[in-house]
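So for the sequence shown, the numbering used here puts the first residue at 6; every next one is plus one. Yeah, the Cβ is synthetic: ideal placement off N, Cα and C, and Gly gets one too. Input: a single structure, listed below in structure tokens.
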Amino acid sequence: MEREGYVSLWVGGFESKRDLDEYLKIEFTEDGDALPSRLGEDFFIDYYDEDFREAKFFEKPPESLEEALNGFSYDEVIVPAFEGKYKGFLNTAVLLYNFYYEERAEGKKSPLLFVGTIRYK
Numbered sequence: 006m007e008r009e010g011y012v013s014l015w016v017g018g019f020e021s022k023r024d025l026d027e028y029l030k031i032e033f034t035e036d037g038d039a040l041p042s043r044l045g046e047d048f049f050i051d052y053y054d055e056d057f058r059e060a061k062f063f064e065k066p067p068e069s070l071e072e073a074l075n076g077f078s079y080d081e082v083i084v085p086a087f088e089g090k091y092k093g094f095l096n097t098a099v100l101l102y103n104f105y106y107e108e109r110a111e112g113k114k115s116p117l118l119f120v121g122t123i124r125y126k
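Shown next, in the form of structure tokens:
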């Protein structure tokens, strides 16, 4: 759900940047209606503004979540806020800004794991 000043974070593993791009791709019908991306399908998100999405695939996986988040917008706020919230393997991070996600995807198999939502401004 869109909400100004919040950012939601997902992390996970993909085989390639191309796989990540395909996962995040929003397609359109002939009438111009948006069809949800696989991210939207997996996490029951009807709509998010692509202009407020940042995603990165790391060829060399970072050693920590904090290392992965360095360089994203508002990293001076999001790195300390998410510190210690995830300790597993990751080679991908996806952030939706001005978006407040509340976990609803129990049992759904996805290459991404929802980490949390924080206020960034």
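Leaving out five residues before and five after residue i in sequence, what residues of the same chain have Cβ atoms less than 7 Å from its Cβ?
{"i": "Y91", "result": "V16, L70, V120"}
{"i": "K30", "result": "S42"}
{"i": "E32", "result": "L40"}
{"i": "G18", "result": "F94, L95, N96, T97, P116"}
{"i": "V82", "result": "Y125"}
Note down, in chain order, each residue of its chain lying with its Cβ closer than 6 Å to the Cβ of residue i, except the 5 sequence neighbours on either side.
{"i": "Y79", "result": "Y125"}
{"i": "Y53", "result": "L101, F104"}
{"i": "F63", "result": "N96"}
Using the Cα positions of residue i and residue j, report the straight-line distance between them to the nearest angstrom.
{"i": "V84", "j": "E59", "result": "15 Å"}
{"i": "S13", "j": "D24", "result": "21 Å"}
{"i": "T97", "j": "G89", "result": "17 Å"}
{"i": "E107", "j": "L74", "result": "20 Å"}
{"i": "G76", "j": "F94", "result": "19 Å"}
{"i": "Y102", "j": "L118", "result": "17 Å"}
{"i": "E9", "j": "K61", "result": "22 Å"}
{"i": "K65", "j": "V99", "result": "16 Å"}
{"i": "S21", "j": "L44", "result": "16 Å"}
Using the DSSP secondary-structure output, state which residues sit across from residue i in a beta bridge.
{"i": "E32", "result": "L40"}
{"i": "V16", "result": "A98, L118"}
{"i": "K61", "result": "A98"}
{"i": "I83", "result": "I83 pairs with nothing; no bridge assigned."}
{"i": "E7", "result": "F104"}
{"i": "R124", "result": "Y11"}
Quick one: is the Cβ of residue i within less than 7 Å of any heavy atom of the ligand ATP?
{"i": "N75", "result": "The ligand content of the structure shown is nil, which means the ligand ATP is not present either."}
Quiz prompt | Stretch pair the stretch 38-52 + the stretch 69-87: three plus CB contacts closer than 8 Å | solution = no
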